[in-house]
Structure formats: C-alpha cells, structure tokens
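Below you'll find the structure, written out as structure tokens, and then a few comments.
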Amino acid sequence: MPKSTKPPAKKSRVSRRAPARSASDVNNKMAHELSRGYLQRTEGVQNASAFENAMAQFDEAAQILKLSTNQVAMIRQPRRITIVTLPVRMDDGAVQTFTGYRVQHNNIRGPAKGGVRFHQNVTLDEVKALAFWMTYKCAVVDIPMGGGKGGVIVEPSKLSVGEMERLSRRYFAELEDLFGPDRDVPAPDVNTTPQIMAWFMDTYSMHRNKDFVPAVVTGKPLEIGGSQGRVLATSRGLLFCLRRAVSAHDEKMNGLTAAVQGFGNVGSNAAMLLQDDGCIVQGISDVFGAFYHREGIDIRTAQKYARDHGGLKGFESTGLAKRLKKPEDLLELEVDVLAPCALELVITGRNADRVNARYIAEGANGPLDHAADKILDRKGTLIIPDILCNAGGVAVSYLEWVQNRMGYYWTEEKVNDDLEHIMNRAFDAVHATSHQFKVSMRIGAFIVGIQRVARAAELRGLYA
Ligand code: NAD
219 MPKSTKPPAK KSRVSRRAPA RSASDVNNKM AHELSRGYLQ RTEGVQNASA
269 FENAMAQFDE AAQILKLSTN QVAMIRQPRR ITIVTLPVRM DDGAVQTFTG
319 YRVQHNNIRG PAKGGVRFHQ NVTLDEVKAL AFWMTYKCAV VDIPMGGGKG
369 GVIVEPSKLS VGEMERLSRR YFAELEDLFG PDRDVPAPDV NTTPQIMAWF
419 MDTYSMHRNK DFVPAVVTGK PLEIGGSQGR VLATSRGLLF CLRRAVSAHD
469 EKMNGLTAAV QGFGNVGSNA AMLLQDDGCI VQGISDVFGA FYHREGIDIR
519 TAQKYARDHG GLKGFESTGL AKRLKKPEDL LELEVDVLAP CALELVITGR
569 NADRVNARYI AEGANGPLDH AADKILDRKG TLIIPDILCN AGGVAVSYLE
619 WVQNRMGYYW TEEKVNDDLE HIMNRAFDAV HATSHQFKVS MRIGAFIVGI
669 QRVARAAELR GLYA
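Heads up: the sequence shown begins at 219 in the working numbering, then just goes up one per residue.
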C-alpha cells in the first residue's frame with residue numbers, strides 16, 4: 219500500500235483543533251477542476267437529496283474516467299423501481315396500509331444485493347441512493363453482486379411484534395417475484411433485524427413449494443443459515459479500514475480519540491471494536507441524545523444499558539458520561555476519529571466546517587453530502603467513504619450466501635480472516651487509485667467501482 223506523503227497532523231491524546239492539510243487537499247483541486255461543471259451546480263446547494271448527492275459522486279468519477287455517454291447510460295440509473303402498498307391487519311382488527319419500495323439499481327456483476335430499511339422517513343429518493351451505493355460498494359470490495367435496496371415507511375416502535383411480523387411477511391410476499399438467490403438478495407438495514415430476515419426467508423420458502431431457500435436473504439439468525447461473524451461484520455470492516463488508513467499515516471490506533479454517532483448494530487459495535495483496539499471513545503449518540511466523557515466511555519456497559527433501556531435515553535444517569543446539549547454536537551467534538559453510523563446527510567455544507575475530526579470513517583451510508591466532502595477535503599480530513607468503509611456487512615453477507623449455496627458452514631475465525639482479506643485488498647485498491655488520480659478516497663472508490671461495473675457491462679453487451 220502506498221504511504222501518504224503528508225499525513226493528517228498527529229494530535230495529542232485528548233482533542234485539539236486545526237487538523238493539518240493533507241496531500242488530498244492539493245489533489246482534490248484537480249478533481250474540482252475536472253468536475254467544475256457539476257460542482258458549480260451543487261457546492262452551494264444546501265439541500266441536495268441523497269440521490270442527487272450520489273449522482274454527484276458518480277459524475278465526478280465518471281468525468282475523470284472520461285466514460286462515454288453509452289457507458290454512463292448502462293450503469294448510472296436504477297434498472298427497476300417497484301412501489302407497493304402493503305395492507306396489514308393490526309392487533310385491533312383494523313387494516314392499515316404501508317408503502318414499500320424495492321429498487322434494483324444494477325445486476326450486471328451479479329444478483330442485486332442490499333438491505334431493507336424500516337423507518338418513518340424512508341423515501342424513494344433515499345432508497346434509490348442506497349441501491350446505487352450498493353452497486354458500487356459490491357464492486358469496490360469485488361464481490362459478484364449488484365446493487366439493490368428496499369424500504370418501508372413505518373415507525374417500528376409503534377408496531378407490536380405480531381404486526382411487525384405481518385408487515386415483514388407482506389412486504390416479502392408482495393415483492394417475491396423480484397427476489398431470489400440469483401436475482402435479488404435482501405439483508406438487514408436500519409431497524410430490520412435477523413428475526414425479520416428469518417420471516418422474509420420463511421415467507422419466500424413457503425411460496426417456493428415449502429423448499430428451504432436460505433440464500434434468498436442474508437443477515438439471518440445462525441440457526442437457519444446465518445453466517446458466523448455477520449452481526450459484527452460492518453463494524454469490523456470499518457475497523458480494518460481505519461487501521462489501514464491510520465497506519466498509512468504512520469500513526470497507531472492506540473490512544474486515538476473517537477466519537478461514534480448511532481448506537482445500533484453498526485455504531486455500537488464499531489465503538490466497541492475501536493475501544494478494544496486502544497481508541498478512547500469519548501462520544502456516543504443515538505436518537506435519544508449524545509453523551510461525552512473526556513477519559514472515554516466504557517462501551518460494553520453502554521451496550522448493556524442500551525439493551526436494557528431500548529437505547530441510550532437517560533444514559534447520563536449512570537454517571538459514565540455527560541449529555542451534550544444537542545445530539546449534533548457529537549459531530550463537532552475535537553476527536554481524532556469520527557464515525558457517523560446512523561443515517562445519511564448528517565454532515566452537510568451547513569456544519570462541515572465545524573467538524574474537527576482528522577479521520578472520518580463512514581459506517582452509515584451517505585452521511586456526508588457533496589458540499590461537506592469538498593469542505594472537509596480542503597481541511598485535510600481523511601474520509602474513508604461509505605462504499606468502502608461499511609462494505610464489511612455486504613462482504614460477509616456474500617460469504618453467508620456462498621455458505622447457504624454450498625450447505626457448508628465456516629467458523630467465525632475463517633469468516634473474519636476472509637473479511638480482513640477482502641477489506642484490506644479493497645482499501646489498498648482505493649488508496650492506490652486515489653493517489654494515482656490525485657483525488658479523494660471517495661472519488662478513488664468510485665473510480666475503482668465504476669471501472670469494474672463498466673467493464674462487466676461492456677463484456678456482457680446490450681441484450682436486444
Ligand atoms: P440500527 O437500526 O441498528 O441503528 C441505527 C442507530 O442510529 C440507532 O442507534 C438510532 O438510535 C441511531 N440514530 C437514528 N437517528 C439518529 C440521529 N439523528 N442521531 C443519532 N443517532 C441516530 O441500524 P444499523 O444497521 O446500525 O445501520 C446504521 C447505518 O449503517 C445506516 O446508514 C445503514 O444503512 C448503514 N449500514 C448498515 C449495515 C448493516 O450491516 N447493518 C451495513 C452497511 C451500512
């Protein structure tokens with residue numbers, strides 16, 4: 219892996235301001251020049267949607283690669299968008315309808331792959347962006363899958379377990395023709411759990427002559443074909459990337475300060491793994507608030523608290539951390555590492571200037587908008603982009619799919635070793651590419667991904 223010539227300035231153990239400029243500062247000027255047309259349209263735009271931001275990322279990399287109009291036509295837009303109305307019988311006997319989406323962005327390199335999100339703010343725009351990122355994420359980590367994503371507009375905390383099961387089964391049944399081990403393979407995302415994957419799998423299997431079809435969905439419980447290592451895979455992948463980035467800058471993980479936004483699957487486990495690697499996790503947050511302790515927060519205790527209380531609500535009462543005034547204050551802490559692991563568009567042109575971390579490890583999909591990218595690049599912040607940083611989840615999902623199809627299951631050690639190999643290989647490819655083209659890691663990742671998808675499209679050619 220090439221070493222960066224100018225690392226982000228090393229800070230002492232506990233926070234301080236003014237991150238140093240990195241080589242990417244100079245390098246990104248070139249990217250700016252190359253994609254000036256787009257940037258002039260978007261950099262000043264404060265409210266670009268997730269999909270608009272995704273398209274901006276694509277366009278910047280596509281311009282650098284000088285893709286032809288025909289190539290762009292094959293790989294930029296989603297291939298299929300499906301919207302369904304899902305009637306569900308509630309516990310009181312009333313029928314309530316929910317809107318569900320599945321977007322298949324691309325299946326040139328393999329079946330569409332991507333999670334299903336249950337959230338009250340799900341929109342088609344968001345699902346399209348998430349499906350698009352999946353195409354390029356799978357290509358960056360070089361697994362033979364395409365990109366898809368699903369969502370249902372629902373506030374899960376308002377549903378009973380029975381209502382959640384009926385909604386999940388209805389979603390899968392309604393869209394069953396889209397799904398299949400060679401067609402489209404969903405997985406968990408925000409608010410969807412291994413239990414929900416089990417209901418998806420069971421529904422599909424019932425509709426397939428009661429066959430057992432575990433490979434139709436990943437992120438399942440171990441007892442019905444889940445993979446060892448899947449629950450921690452996204453966070454572990456983030457850790458592997460961060461280790462690589464830190465070591466490329468001749469630094470050590472031990473003693474770095476960190477803040478993690480989101481305390482669900484990705485965030486809480488990322489915080490735990492960072493702490494296990496010697497980082498001082500000073501800040502954590504979830505939908506109920508943000509919490510800080512200068513000397514670090516014991517993450518396993520916080521995880522137990524979140525399990526017992528359904529989140530971090532009231533965590534300050536333990537005396538282990540103080541509550542920050544506003545949840546967003548977490549993003550502005552003076553830490554070495556910031557890991558946004560909640561939702562998209564939390565760091566934008568509006569607040570990017572106030573972000574002090576030197577490394578940003580994107581556990582969430584799309585946490586930064588295009589304007590924030592440019593501001594932070596100029597500040598010399600090293601951003602490990604989502605389509606690389608959080609790809610550990612889909613990498614182990616792929617390993618789960620392989621195991622399901624073989625009917626032979628690996629140990630956690632083997633899965634983690636394979637994951638480490640996949641992530642390191644991907645990090646090195648992105649890092650080398652960003653140096654070669656003198657662009658940020660994000661654009662480097664898109665260049666790697668786009669080249670692979672475009673080449674596959676060229677080889678397959680255009681049917682009819
Ligand atoms: P999750 O539902 O387990 O957790 C989401 C967390 O974010 C919760 O703690 C929630 O309270 C918190 N949150 C929501 N809004 C917040 C806000 N405004 N401020 C602070 N915290 C907030 O979801 P997850 O699976 O951990 O996914 C988190 C992110 O990671 C999403 O962007 C998802 O697309 C991405 N991701 C997940 C996986 C995976 O394997 N689960 C893989 C790749 C990427």
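Beta carbons: idealized from backbone N, C-alpha and C, even for Gly.
With a cutoff of 8 Å on beta-carbon distance, Met363 and Tyr616 are scored as near each other. Secondary structure remark: continuous alpha helix (DSSP H) runs of at least 4 residues inside the region 461-518, in chain order: 483-494. Judged by the Cβ position, Leu561 qualifies as a neighbour of ligand 1 at the 7 Å threshold, a heavy atom of the ligand being closer than this. By the neighbour-count criterion, in which a residue is buried when 16 or more other Cβ atoms sit within 10 angstroms of its Cβ, Glu676 is exposed. Fully enclosed beta strand (DSSP E) runs of no fewer than 3 residues occupy 600-602 of the region 591-619, in order along the chain. Excluding sequence positions up to five before and after Cys459, its CB lies within less than 7 Å of the CB of Ala579, Ile602, Leu606, Cys607, Met641, Phe645, all in the same chain and listed in chain order. With respect to Pro399, Trp628 sits apart: the two C-beta atoms are not nearer than 8 Å. Leu538 and Gly532 have their alpha carbons spaced roughly 11 Å apart. Taking a C-beta distance under 8 Å as the contact criterion, Ala347 and Gly584 qualify as a contact pair.
Residue range 313-324 is occupied by the beta strand (DSSP E) that includes Thr317.
As for any beta strand (DSSP E) of minimum length 3 sitting wholly inside the region 377-420, the runs are 402-406, ordered along the chain.
DSSP links Val370 through a beta bridge to Gly318, Phe336.
Here DSSP, grouped into helix, strand and coil, assigns Arg327 to coil.
No beta strand (DSSP E) of 3 residues or more sits fully in the region 622-667. Secondary structure note for Ala557: its beta strand (DSSP E) is the uninterrupted segment 555-558. Beta-bridge partners of Thr566 (DSSP): none assigned. For Ile301, no alpha helix (DSSP H) segment is defined; the enclosing uninterrupted segment is the beta strand (DSSP E) at 298-307. The Cβ-Cβ distance between Gly611 and Thr421 does not fall below 8 Å. For Val313, the closest C-alpha among the options Pro558, Ile326, Thr303, Ser375 is that of Thr303.
The continuous beta strand (DSSP E) containing Ala579 extends over residues 577-579.
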